[in-house]
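First to last, the sequence lines map onto chains H and R. Take the first sequence: its letter number 130 is residue 132 in my numbering, and every next letter is one higher. Take the second sequence: its letter number 52 is residue 568 in my numbering, and every next letter is one higher. Backbone N, C-alpha and C fix where the C-beta goes; we use that ideal spot for every residue, glycine too. Taking it in order: structure first as structure tokens, then the write-up.
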Amino acid sequence: MELRRASSLELDGGVPLHGGTELVPLLRSGILRADTLVDVRGVVPRGITGSTIGAGTTLAELEGAAQIPDALREACRLAASPQLRNVGSLGGNLLQSTRCWYWRLKWPCRLHGGDECFAQEGEHREHAIFENGFCASAHPSDVAAALVALGATLRTSKRELPVGELYRVPTEDDRRTTTLEPDELLLAVELEQCDRSVYLKAMERKRWAFPLVGVAAARTGDKTRIALAGVAPIPWLLEGDFEQATPLPRNAYKVDVAKALVKRAVAALEAG
Amino acid sequence: MARLIRTEKEVEGRYEEVWLVVEEDALEQWPAGPREIVGRPAARIDGLERARGEAVYTADLKLPGMLHAAVLRSPYAHARVARIDLAPALALEGVHAAIGPGELDVLVEECGFQGAAIAAVCADTYEQARSAVAAIEVEWEQLEVLIDPDEAVARGQLLGEPRLRSRGDFERGLAEADLVVTGEYSTQVVLHNSMETHQAVVQWLGDSLEIYISTQYIWGIRDEVASTLGLPADKVRVVCHYMGGGFGSKNGADDYTFIAIELAKRTLRPVRCALTRREENLATGNRNATIQRLTIGARSDGTLTALGGDYVNATGWGGWSSPVEGPMQMLYACDNVKTTTWAAKINQPPMKAFRAPGFVEGTFGLESLLDVLAAKLDIDPLELRRRNYADHDASDSRPYSGKNLLECYRRAEPHWERRHEVRARSTETVKRGVGMASQIWYGGGGPPSYAWVRVGSDGRATVITAMQDIGTGTRTAMAQIAAEELGIPLDHVLVSLGDSARGPFASISAGSSTTPSMGPAVRAAAADARRQIEEIAAQRGTPEAPLAEIVGLLEDAQILGKGGRGPNPAGMQVLTFGVQVAEVAVDVETGEVWVDRIAAVHDVGRVINPLGASSQIEGGIIQGIGHTLSEHRLHDPRTGQILTTGLDAYKLPTFADVPEIVSELIDEPDTQLTNLGSKGLGEPPIVPTAAAISNAIRDATGAEVHELPISREEMLRALREAAAKEKVGAPAGV
Chain H
3 MELRRASSLE LDGGVPLHGG TELVPLLRSG ILRADTLVDV RGVVPRGITG STIGAGTTLA
63 ELEGAAQIPD ALREACRLAA SPQLRNVGSL GGNLLQSTRC WYWRLKWPCR LHGGDECFAQ
123 EGEHREHAIF ENGFCASAHP SDVAAALVAL GATLRTSKRE LPVGELYRVP TEDDRRTTTL
183 EPDELLLAVE LEQCDRSVYL KAMERKRWAF PLVGVAAART GDKTRIALAG VAPIPWLLEG
243 DFEQATPLPR NAYKVDVAKA LVKRAVAALE AG
Chain R
517 MARLIRTEKE VEGRYEEVWL VVEEDALEQW PAGPREIVGR PAARIDGLER ARGEAVYTAD
577 LKLPGMLHAA VLRSPYAHAR VARIDLAPAL ALEGVHAAIG PGELDVLVEE CGFQGAAIAA
637 VCADTYEQAR SAVAAIEVEW EQLEVLIDPD EAVARGQLLG EPRLRSRGDF ERGLAEADLV
697 VTGEYSTQVV LHNSMETHQA VVQWLGDSLE IYISTQYIWG IRDEVASTLG LPADKVRVVC
757 HYMGGGFGSK NGADDYTFIA IELAKRTLRP VRCALTRREE NLATGNRNAT IQRLTIGARS
817 DGTLTALGGD YVNATGWGGW SSPVEGPMQM LYACDNVKTT TWAAKINQPP MKAFRAPGFV
877 EGTFGLESLL DVLAAKLDID PLELRRRNYA DHDASDSRPY SGKNLLECYR RAEPHWERRH
937 EVRARSTETV KRGVGMASQI WYGGGGPPSY AWVRVGSDGR ATVITAMQDI GTGTRTAMAQ
997 IAAEELGIPL DHVLVSLGDS ARGPFASISA GSSTTPSMGP AVRAAAADAR RQIEEIAAQR
1057 GTPEAPLAEI VGLLEDAQIL GKGGRGPNPA GMQVLTFGVQ VAEVAVDVET GEVWVDRIAA
1117 VHDVGRVINP LGASSQIEGG IIQGIGHTLS EHRLHDPRTG QILTTGLDAY KLPTFADVPE
1177 IVSELIDEPD TQLTNLGSKG LGEPPIVPTA AAISNAIRDA TGAEVHELPI SREEMLRALR
1237 EAAAKEKVGA PAGV
């Protein structure tokens, strides 16, 4: 495997490396293969300028930034551990893969091109309660849920798009979970004006755990947007209520937890 | 003088009758209370070298020319190797040797669990060894898996006969009861996950073998390896100077040691076999899951009339049946007790001892159900326990060598009284409560164990014994005992340990036995040295002269004291006791549980180092909180394959999960036990933690949890169940 430093936004088929907290484990476990790693730290913007956040900004830098919305700051603070947040980047966080143990252990599941979702009949207490009919994986990013709720826009080396459109629910014909194109690089996030926002997270211990359920809520004027982490194969924009949830036998508790956190998040927005 | 006795030997609740040669123990115990050095807090004498990274652990060791081994393990829970070809591995660069099924006892063809070792390779680098293992070609024949422990019991697929223990007449006891409560409790598989993974570095020197290993039992490794290889035991030298934790999982030599030995033999090079964190999560033992179906009968005044338990240990493909029924048999006075314990042989990795094996699990079930009884009888839980206090061993009528559980209860009262104030801080969504649970466990240690003490003309002493310090602070405690006995400052004592070639036999560090086994031997050796120094002083006509003055005359001469561990008191039961009081908060909407505070009061006899003791209590409670709330080794229910293989998915507690911990020790020497009156404290603090937390949850919410870990799913289920009961009106009694 070769490592080169990026001098432009062209990846030329290489795999971009920033903090490496997700990429390196995937390479080591053999889930991801790469001939060339491209160190993009020199070309991806880092830092906060007005309402623009460079995709190379670390989670630690964001959790300490007073000027960004509460939901994003809290999502960063409640993610991972201090060590991971010191190197993990915003862009890398948005592109994390699921923590589904079957997928991480390379079971031949649908996301790996196979014809079965092992979690559905197997061990799925941390899995999805929405859109879990094809693949029950849960999206692990606290930050992605926060940005979806905040209505943020993503700028890449090729286009601009709402953050939510970076993600797709995998299907029989197309197993991908993002819309990222080959050689496309995340560059920055553009935040919208927001009056008040909040991020609440349920996890299995007090720190350093992926969300069982994360709830981001943002209010602008009389419009409130709510997005959830850990409940669907993608960051889940909550439209309506939980009627459409399709929990599996051992993860129905997530519906209860999500309802409670949504109620609290809305109350917190109103209190402001 | 040595003496031959017939005695009962206990390790972690397992007894055997043995002949033992023991040393007489003629020393009087010191009076109770802190001495000059013993009984006063001492920072670890090896703390700085550990903190600076200077302490050499097995994991740090690099011998010249050392090769690295990697192990091929079964990916399936039950499978047979139909064909294996090691040639592709041997063809790779840097590879020196490869061994497969049948070439060693620990390399098997039929694997009864995921993680069973089938082949191993050694190479110049670890990366080369891993690549070579990946290159081995294997055709697997997958076999039917049996994972459900109840199903294994129904089919009679057991490890050994069911263990039936009965006293009195259980049925009659039920008939005499005014109230009978029943409950089914289950506990999960949890892992030791020591910071230092299981590993050994081995080299042959002619026909002698040197084994550097992360172990809890230097001498056990020596004897196990010698007998397996047919070597005289003194041809095997075992070294462990520093050790990164074991918790019961490093009592034996295991596959990695024998793999390193064989590969070292074949290559004539030193070989390291160090397991990865993933292997640690598969194949190095666990606290097995249990199912406990319990019945308690009591009179309306709270007197227990019947205790019954059907226990299933989901033992795995090997291991032994842990004494999960022990607390029910031993904790309370009750005339009619009947327990049956099955060990289900299932296609899961074998259990190993894990910090009070069986008693942690059994205490959770028993003490949880006891609080259900207390609530139904409307008796204060602490009072209920006092009313059923056992004043002699409840299981076999022997007197206790010492028991201060009532004093523990008394000292726990101020913590227990906080419950009114704690409950009052509840809100609509966050309910708070306080719960308690009692602790019973072994921890008396036993003979044999030996120590030497060497005193030179500089007035400094070295304690020499081939024991191991598994991270518990043993070095410091032994130095304190020697310094106290010799009357010299603590920093004048060195402790030389960790090498079977440099010192006499010392006990296993398991079953909370290191301090009670080794401490008396060290004191006896120091006393022997002191007696010799006093004799010299008397000859000189200055019997009152200070030690430094007398040894100052020695020049190159040295005083050599030796001491051995005397016998345990005949016909007595030596046990440790305690109580913990937990304060929790439960978010009744999200099922989140916080532990705010745990107060622990334990009775382990004389305390050698109060600072080390409080560390042990904190460590036990933190590990207990992980067991109670977040740790869970998960497997796929269809294939039995393990799903949590790293510390991302297997959730140990973090510092943020650690509550305020208040630790108190009775510090009353056990007058019957050795020249110190000290018992062990490694295991007692983890025993009652889960039960205290579950009882606090019940106090806070009325919800009865039945399953560990108390996940959000289990917490919300219990809350729903409690709400439904309240709606129909709580049934009063039976």
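Counted as a single uninterrupted DSSP element, the alpha helix (DSSP H) harbouring TRP932(R) occupies residues 921-933. Restricted to the stretch 617-692 of chain R, the alpha helix (DSSP H) segments that are unbroken, complete and at least 4 residues in length are 642-651, 665-671 and 686-691, listed in chain order. Straight-line spacing of the CA atoms in CYS850(R) and ALA231(H) works out to 52 Å. Interface annotation for the stretch 1216-1238 of chain R against chain H: SER1227, ARG1228, GLU1229, LEU1232 and ARG1233, criterion Cβ-Cβ distance under 8 Å.
Membership of GLU796(R) in the alpha helix (DSSP H) is indicated by the continuous run 793-799. Three or more beta-carbon pairs separated by less than 8 Å are not found between the stretch 675-693 of chain R and the stretch 801-808 of chain R, which leaves the two stretches without contact.
About 6 Å separates the Cβ atoms of VAL1203(R) and VAL876(R), confirming a contact at the 8 Å cut-off.
Between ILE553(R) and THR992(R), the gap from beta carbon to beta carbon reaches 8 Å or more.
Close partners of GLU206(H) in chain R (Cβ separation under 9 Å): LEU1145, SER1146, HIS1148, LYS1167, PRO1225, SER1227 and ARG1228.
With its beta carbon at least 8 Å from every one in chain R, ARG30(H) lies outside the interface.
A straight line joining the alpha-carbon of GLY124(H) with that of ALA1219(R) spans about 28 Å. A straight line joining the alpha-carbon of LEU1189(R) with that of SER911(R) spans about 20 Å. By the beta-carbon neighbour count (other beta carbons within 10 angstroms, threshold 16), HIS708(R) is buried. Between ILE737(R) and ALA769(R), the CB-CB gap stays under 8 Å.
Between ARG948(R) and ALA1216(R), the CB-CB gap stays under 8 Å. Taking a cut-off of 8 Å on C-beta distances, the stretch 1234-1246 of chain R does not touch the stretch 973-985 of chain R, as fewer than three cross pairs fall below it. Chain-ordered listing is empty here: chain H has no CB closer than 7 Å to the CB of ALA651(R), the nearest sitting near 14 Å. Across the structure, GLY1027(R) and ALA998(R) are spaced so that their CA atoms are roughly 23 Å apart. Across the stretch 114-125 of chain H, CB contacts with chain R closer than 8 Å involve PHE120, GLU123, GLY124 and GLU125, in sequence order along the chain. Residue contact check for TRP103(H) against chain R: a CB pair falls below 8 Å. Only residues of its own chain outside the window of five on either side were considered, and among them GLY960, GLY961, SER1194, LYS1195 and GLY1196 have a CB closer than 6 Å to the CB of PRO1032(R), listed in chain order. Chain order gives the chain R residues near VAL259(H) as THR1106, GLY1107 and ARG1228, where near means a beta carbon separation below 7 Å. Between CYS78(H) and GLU24(H), the alpha-carbon positions lie close to 15 Å from each other. PRO164(H) is bridged by DSSP to THR155(H). With a cutoff of 8 Å on beta-carbon distance, SER590(R) and GLN630(R) are scored as near each other. Inter-residue distance for ARG939(R) and THR698(R) is about 27 Å (C-alpha atoms, whole angstroms). Rounded to the nearest whole angstrom, the C-alpha separation of VAL1095(R) and ALA1208(R) is 9 Å. In the three-state reduction of the DSSP assignment, VAL1095(R) falls in the strand class, which pools E and B. For TRP535(R), the enclosing beta strand (DSSP E) has its first and last residue at 530-539. Taking the CA atoms as reference points, GLY115(H) sits about 17 Å from SER31(H). When DSSP reads this structure, ASP1119(R) sits in a beta bridge with PHE1093(R).
Using a CB distance below 9 Å, no part of the stretch 187-201 of chain H faces chain R. Here TRP735(R) carries a helix assignment [DSSP, helix/strand/coil]. For SER917(R), the closest of ALA1042(R), PHE1093(R) and VAL754(R) by C-alpha to C-alpha distance is PHE1093(R).
Counting only unbroken stretches of 3 or more residues, the beta strand (DSSP E) elements lying wholly within the stretch 847-933 of chain R are 853-861, in sequence order.
Within the stretch 958-1003 of chain R, the alpha helix (DSSP H) runs of at least 4 residues that lie entirely inside it are, in chain order, 990-1002.
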